[in-house]
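Enquirer: Handing you a structure now.
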């Protein structure tokens, strides 16, 4: 199971919700510190937890601007790919696919950037 600090979890045997506060090494096993109602922390095994909601950070201004820049560059790459294929005498299908490839390459790089700068999840 992959957990991040701030994920909302509940125990399999009870209905109390809690927030993941950390991961603790206890001998050879890893335990999850869950902050329950009223701020009361307790330790639980990962197999005894069910993820209810993932923590999602709100989009910052920098992330929004980077997304718009990535879409703009992706559209430019698609246009350049289409025009280059058309000038080389390609059929319409190859022209569309070359534009799609340029768009996908830029947006794939942007998605990798988002994954690398996003919240870290730990395998427990």
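Numbering (the numbering used here), first residue to last: 692 to 815. Cβ coordinates follow ideal geometry from the N, Cα and C atoms, glycine included.
(1) If contacts are defined as beta-carbon pairs under 8 Å, then residue 713 and residue 724 qualify, I think. What distance do you get, rounded to the angstrom?
(2) Does DSSP put residue 816 in a helix, in a strand, or in coil?
(3) If you pair each beta-carbon of the stretch 762-779 with each one of the stretch 743-751, do three or more pairs fall below 8 Å?
(4) In chain order, which beta strand (DSSP E) runs of at least 3 residues are fully inside the stretch 738-789?
(5) Looking at C-alpha atoms only, which residue of 765, 708 and 711 is the closest neighbour of residue 799?
(6) Excluding the 5 residues preceding and the 5 following residue 811 in the sequence, name in chain order all residues of the same chain whose CB lies nearer than 8 Å to its CB.
(7) Can you check whether the CB of residue 749 is closer than 8 Å to the CB of residue 692?
Expert: So, from the listed chains and residues:
(1) Beta-carbon to beta-carbon, residue 713 and residue 724 are separated by about 4 Å, close enough to satisfy the 8 Å threshold.
(2) Lying before the first or after the last residue shown, residue 816 is absent from the chain, which here runs from 692 to 815.
(3) Touching, no.
(4) Segments of the beta strand (DSSP E) lying fully in the stretch 738-789: 740-744.
(5) Selected option, being the one with the closest Cα: 765.
(6) The residues 695, in chain order, have a CB closer than 8 Å to that of residue 811 in the same chain once the five nearest residues on each side in sequence are set aside.
(7) One thing to note: residue 692 has its Cβ no nearer than 8 Å to the Cβ of residue 749.
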